[in-house]
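Below you'll find the structure, written out as structure tokens, and then a few comments.
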Amino acid sequence: TQLLEQSPQFLSIQEGENLTVYCNSSSVFSSLQWYRQEPGEGPVLLVTVVTGGEVKKLKRLTFQFGDARKDSSLHITAAQPGDTGLYLCAGAGGNEKLTFGTGTRLTIIP
Amino acid sequence: AAGVIQSPRHLIKEKRETATLKCYPIPRHDTVYWYQQGPGQDPQFLISFYEKMQSDKGSIPDRFSAQQFSDYHSELNMSSLELGDSALYFCASSLGWTEQYFGPGTRLTVT
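Read top to bottom, the protein sequences are chains A and B. Under my numbering, residue 115 is the last one in the first sequence; the count climbs by one each step, no gaps. Under my numbering, residue 1381 is the last one in the second sequence; the count climbs by one each step, no gaps.
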């Protein structure tokens, strides 16, 4: 069974600060996706990383895929209240069904 | 841009009743996935279909069945509902084995 551990589980920081969320596994994934989910709504795809060592930027968000394709990180620069939400990493492997991480609930305090 | 459509958005059923959830994928997407998300939990994979054929099966109870139709929409049928089936049910679609886009979900409450 492939497991994805995210850390931290909860994070509450002031507006303007930087933060990093980690997603770790002992398994290799063919790709890894990051989603953001609002309460009662479906996960919204933020980015997909495929190549080991790949770095993708989405405005103030920087995503990195580990060289061995077992782990990933999400770094947010100058966090804003609109960044508040549940962030989920999800690994794809074998028929591409997604295995979701344990989630990081982020709160940005104005 | 068109997104994944799910219906109904909310459903209330009693124990032992049946429920049918529908999913309409993004146009031209040929792969559909079903996930179940319990309160405070991450989504758990149930089942997937590619080109109308079941492609993978996860932790889906025997009381549940699903299929993908010729127009690529999918239905998840749930029988003998139990209180523990109360959850958010998400459908996602993709073009082949690419990025998955999720629908808004169906909130099922079993009383």
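Using N, Cα and C, we set each Cβ at its ideal position, and we do this for glycine too.
In the DSSP assignment, find the unbroken beta strand (DSSP E) run with A:Asp88 in it and report its ends. From DSSP, A:Asp88 is part of no beta strand (DSSP E); its letter is neither H nor E.
Identity of the residue in B:Leu1365, B:Gln1370, B:Tyr1294, B:Glu1369 nearest B:Pro1278 by Cα:
Relative to the Cα of B:Pro1278, the nearest Cα in the group B:Leu1365, B:Gln1370, B:Tyr1294, B:Glu1369 belongs to B:Tyr1294.
- Query: What's the gap between the Cα of B:Thr1288 and the Cα of B:Met1348?
  - Reply: Their backbone Cα atoms lie some 5 Å apart in a straight line.
Tell me, please, whether the stretch 107–114 of chain A touches the stretch 57–66 of chain A by the rule of three or more beta-carbon pairs shorter than 8 Å. Contact fails between the stretch 107–114 of chain A and the stretch 57–66 of chain A, because fewer than three Cβ pairs, one in each stretch, are under 8 Å apart.
For the stretch 1330–1346 of chain B and the stretch 81–90 of chain A, state whether three or more C-beta atom pairs, one from each stretch, are separated by less than 8 Å.
At 8 Å Cβ cutoff, the stretches do not touch.
Mapping DSSP to helix, strand and coil, what is A:Leu51?
Looking at A:Leu51 - three-state DSSP - the assignment turns out to be strand.
Measuring alpha carbon to alpha carbon, tell me which residue in B:Thr1381, B:Phe1372, B:Thr1379, B:Val1380 is nearest A:Glu46. Minimum Cα distance to A:Glu46 is reached at B:Phe1372.
message = If the cut-off is 8 Å on Cβ atoms, which residues from the stretch 40–58 of chain A count as contacting chain B, listed in chain order?
response = For the stretch 40–58 of chain A, the residues whose beta carbon sits under 8 Å from a beta carbon of chain B are, in order, Tyr40, Gly45, Glu46, Gly47, Pro48, Val49, Leu50, Thr53.
Quiz item: Any beta-carbon of chain A closer than 8 Å to the one on B:Pro1374?
Solution: It does; some Cβ of chain A falls within 8 Å.
Examine the Cβ distances between the stretch 69–80 of chain A and the stretch 26–39 of chain A and report whether three or more of them are shorter than 8 Å. A contact exists between the stretch 69–80 of chain A and the stretch 26–39 of chain A.
> Mapping DSSP to helix, strand and coil, what is A:Leu9?
Replying inline: For A:Leu9, the three-state secondary structure derived from DSSP is coil.
Next item on the list: Would you give the residue range spanned by the beta strand (DSSP E) that B:His1280 belongs to?
Entry: B:His1280: member of the beta strand (DSSP E) spanning 1280–1283, first to last residue.
Residues that A:Glu116 contacts on chain B, provided the C-beta gap is smaller than 7 Å: The shown model of chain A, from 6 to 115, leaves out residue 116 of chain A, and the question about it has no answer.
Query - Interface residues of chain A facing B:Phe1315 [CB-CB closer than 8 Å] - result: Near B:Phe1315 (Cβ distances below 8 Å), the residues of chain A are Lys102, Leu103, Thr104.
Practice task
Note down, in chain order, all residues in the stretch 1304–1332 of chain B with a beta-carbon under 7 Å from any beta-carbon belonging to chain A.
Solution key: Answer set for the stretch 1304–1332 of chain B: Asp1312, Pro1313, Phe1315, Ser1318, Ser1325, Asp1326, Gly1328.
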